[in-house]
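Numbering (full-length UniProt numbering), first residue to last: 1 to 1062.
For reference, the structure discussed in these notes is given below.
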């Protein structure tokens, strides 16, 4: 039952929760819109409501992909993600239904709304959904993958070739029957070079939406019209909109359509044949392929969508040529926007990432094409073109003379009638009047009299403004004015002035500057949200120098999400790349995180590259020319990247030792991450506030100076000899192949092996040729361990062919000996009542001996030990001094090996904060103090090293083997406790999981197993056909064989391989 819950109910529950959150968010966000359906800014309020719901849906989909993909559940991930999309689409339709009925005044039932939403998604994007799901269906088909792949390729290819007809079938579209419209459309088609399309109508007569869509095709193009389009537009307006859609079909000529068809077929072939090819020739790459397929398709869609706004503008201009009536096109576009409740003007950055330009910009472009500007020439001053918009504003103010007053509109604040904004021909003026006097009469007073009565005046020419538009905040109507340097001013406007204000804004739109200082498009904000989620989710999986980077990644990501400032986006890019590249180069994502870190690296690299691309692409047009060098976002990102890399990349990789060719101690600059918020905040203020732009240079200089000091300290520390950082010994390795004798499934498992067949298929396939080593493969389901994700680490192989398991239950911790042939059979059990289940526990077993160690529990470290079959438990306790330090005590007899981290700024349970912060700029990797501990507990200092050890005792009481990670890999050192000597015995180029029994060293690496005879220094390499989950493998060794166990699912299932190696 537990397996059923984990494998089936948990994904279903996540999908249900996702849909429920979307439903609640949509319904709650729509309450404000439903409360005032006749609000003057209803279009702006509806847009905000939709964007919030969209952001929630995308975030839930990303979280679902992250949760289900990296844990070996690649086949589940797309199904869960598809379920999330489906649940969110239904939930949004249900939650939006009350809002639609109130705002759009339609009478569709809830079932009709849900059905229409689903058929709309299938008609418009069903082919992309099919392409995305193809490789996962092929993978799940198993041996029949080739046939299934070919069948899917043929089916989706047929769909793509008849995409317009399939869309019409989904939407139940019918032929247009109005003769006058058909005649008008025929005239437009005759003047066009595009093939004449079929014109079809979809939707109900009860609908209120006016819209049209073009479906270019190599066979028969189609133009889809809504039923309300046919009934509501005049002949001229309908002909102009049809001309716009015809212009799109001219853009998508035969050459472009063939190119897109090749791209689509290439994706389809890759998705259909890729899994089958990988299963046959390279099964190791299957996990990466499936994990990266969905982001790859998403990127392909985004690349295909580039230039869509330019095509829309070109289609508008071409439509004017085809229909000969630009004003009719404008009237038609206005009716389309009004029926959809799309604002006439939107946030400039939101508009930049939208598929269509705003209505105001489209109207400007059309009117510019059909004749002289409709704006009146005020005969104003001639300002030198080399001056910036801000300089132009200053020049107008200094002159004191004003342009002729031909037309102007004044609007009083809704909060106070003594504050007025005046929209003149060339400039916007803020006026404040004395509150001791009566407010001005804007209907009778002249502009000159207003100027004379005003207590204060502030003017700016329209070319110095980047944004002037109406926004809705709760129930208020706000006029938002943004300068090109990012400064924003808002004024509450009375509702009765809304229509007049929109008309006045239509007149000035063409004069606004294209320079913008903010970047709050939905996609950058989504990237910021993704980076924040990645940082907080991955914080628990990574330690060392990377953890502070992930922490500040979350902080800066949240700042970029909340503050609409390009510098925070640049900061996000710098931090994301610093952490992502460091993880990729150092390979830390394959360490404690057990291979799951690949999604962290991919997400960080994608977020970093996109953030910097976004900033670089906009910097030329968005940064004022007079902005200081240190205030530019690119410089901010560079500083953060340079600050982050030494702390994450240079130190773990041992840069200085690698350059010199000599072994050296690495140095970590974790403390440099404390500079991230300082630099990021300074950069944000430098972009938003001009007074901060000079201070940015000072902060940047201090950062550079601090970095130089840190690197100089690293160069000095790298010369300190480290006794454990020597070269790795070479081994004589013989290669053998693994062919399992049998495979048995133990325990309950829902639907057998069909849900995750990858490891079964890889393991079960015999490996032919060469010498082989035989073994047995078992699959253990529902094993309760210390950590549900790495439960196999609580399992050891002991003499007599038995499995020794540390089991966690409601009653506490119990030690159990299981039969290797049937792990369900318990041969012996022992309750460990003194062991605290809530404390970190280390479990080891060798031969017939076992030990359980808990460190730093109430200021002490305790070890419980004994022999299998005996009820006797021996316990020994050592004081942990200082408790804040990391401390390890290893050994089975009276003599022990003690390894303690040296933390000079910590004494006892207290941290000296002053000394801690003083040491931050050049604090290196803490030293580990190595000591031999005698029978009386007396410690004999041995040496100090900067390499963190992983030490394990042998069955004999006088030997300990330690794996120490250095700049080249992991070197194994054998310590003889009897005579206090140590020597290197083996080395590997990666950080593996390992075990030893005093004679043999067994190392489990990513795709193989290495068995080393410590006496002869010779070994066997056994390739294992499994994926990257091998990183989490637990390996143990006994006289009767070798145990290799690794998780295969999220949860407590794992696979056990028992080998007998000669």
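Ideal placement from N, C-alpha and C gives every residue a C-beta, glycine not left out.
If you're wondering where the values come from, they're calculated on a predicted model, not measured in any experiment.
Item                                                                                                                                                                                : Value
Taking the C-alpha atoms as reference points, what is the distance between residue 405 and residue 34?                                                                              : Any answer about residue 405 is weak, because its pLDDT of 42 lies below 50 and its placement is not dependable; what the coordinates show is given next. Straight-line Cα distance between these residues: approximately 42 Å.
Report the option in 89, 127, 95, 100 whose CA atom is closest to the CA atom of residue 118.                                                                                       : 89
Output yes or no for whether 8 Å exceeds the beta carbon distance between residue 157 and residue 81.                                                                               : no
Less than 6 Å between C-beta atoms, sequence neighbours within five positions excluded: which residues of the same chain meet that for residue 363?                                 : 330
Between the alpha carbons of residue 452 and residue 440, how many angstroms are there, rounded?                                                                                    : 11 Å
If you follow the beta strand (DSSP E) that residue 814 is part of, which residue opens it and which one closes it?                                                                 : 812-819
What residues are listed by DSSP as bridge partners for residue 950?                                                                                                                : 963
Flag this pair as yes or no: are the beta carbons of residue 199 and residue 176 separated by less than 8 Å?                                                                        : yes
Please return the same chain residues whose Cβ sits closer than 6 Å to the Cβ of residue 415, not counting the five positions on each side in sequence.                             : 492
Do the CB positions of residue 1063 and residue 174 come within less than 8 Å of each other?                                                                                        : Since the first and last residues shown for the chain are 1 and 1062, residue 1063 lies out of range.
Just the Cα atoms here: how many angstroms apart are residue 419 and residue 41?                                                                                                    : 21 Å
Under the three-state reduction of DSSP, which class applies to residue 424: helix, strand or coil?                                                                                 : coil
What does the Cβ neighbour count give for residue 935, buried or exposed, with the cut at 16 atoms within 10 Å?                                                                     : exposed
Take residue 165 as the anchor and find which of 207, 214, 526 has the nearest alpha-carbon.                                                                                        : 214
What separation, rounded to the nearest whole angstrom, lies between the Cα atoms of residue 184 and residue 239?                                                                   : 6 Å
Quick one: give me the first and last residue of the beta strand (DSSP E) that residue 479 is part of.                                                                              : 476-483
Is the distance from the Cβ of residue 365 to the Cβ of residue 316 below 8 Å?                                                                                                      : yes
Could you check where the alpha helix (DSSP H) with residue 187 kicks off and where it finishes?                                                                                    : 179-190
Is it the case that the Cβ atoms of residue 985 and residue 994 are separated by a distance below 8 Å?                                                                              : no
When DSSP labels each residue in this structure, what does residue 125 get in the three-state scheme?                                                                               : helix
Since residue 454 and residue 432 are thought to touch, with beta carbons under 8 Å apart, how far apart are those beta carbons, to the nearest angstrom?                           : 7 Å
Once the 5 residues before and after residue 831 are set aside, which same chain residues still bring their CB inside 7 Å of it?                                                    : 812, 814
Can you tell me the Cβ-Cβ gap for residue 252 and residue 216, rounded? I've got them flagged as a contact below 8 Å.                                                               : 4 Å
Given residue 930, which residues of its chain have a CB within under 6 Å of its CB, disregarding the five upstream and five downstream residues?                                   : 899, 942, 943
Where DSSP assigns a beta bridge to residue 831, which residues make up the other side?                                                                                             : 814
Within its chain, find whatever has a CB closer than 7 Å to the CB of residue 827; leave out the 5 residues flanking it on each side and keep chain order.                          : 802, 817, 818, 819
Could you tell me the boundaries of the alpha helix (DSSP H) in which residue 264 lies?                                                                                             : 254-281
Using alpha carbons as the reference points, say which of 346, 17, 355 lies closest to residue 306.                                                                                 : 355
Measuring alpha carbon to alpha carbon, tell me which of 472, 437, 425, 444 ends up nearest residue 460.                                                                            : 425
Note the first and the last residue of the continuous alpha helix (DSSP H) segment covering residue 104.                                                                            : Counting along the chain, residue 104 falls outside any alpha helix (DSSP H), and DSSP gives it neither H nor E.
Cα separation between residue 358 and residue 94?                                                                                                                                   : 29 Å
Between which two residues does the beta strand (DSSP E) holding residue 459 run?                                                                                                   : 456-461
Counting C-beta neighbours from all protein chains within 10 Å, is the total for residue 429 16 or more, i.e. buried, or is it exposed?                                             : buried
Let me confirm a value: residue 484 is counted as buried when at least 16 other C-beta atoms fall within 10 Å, else exposed. Which label applies?                                   : buried
Give the DSSP bridge partners of residue 896, in chain order.                                                                                                                       : 933
Count the other C-beta atoms from every protein chain shown that fall within 10 angstroms of the C-beta of residue 959, then say buried if there are 16 or more, exposed otherwise. : buried
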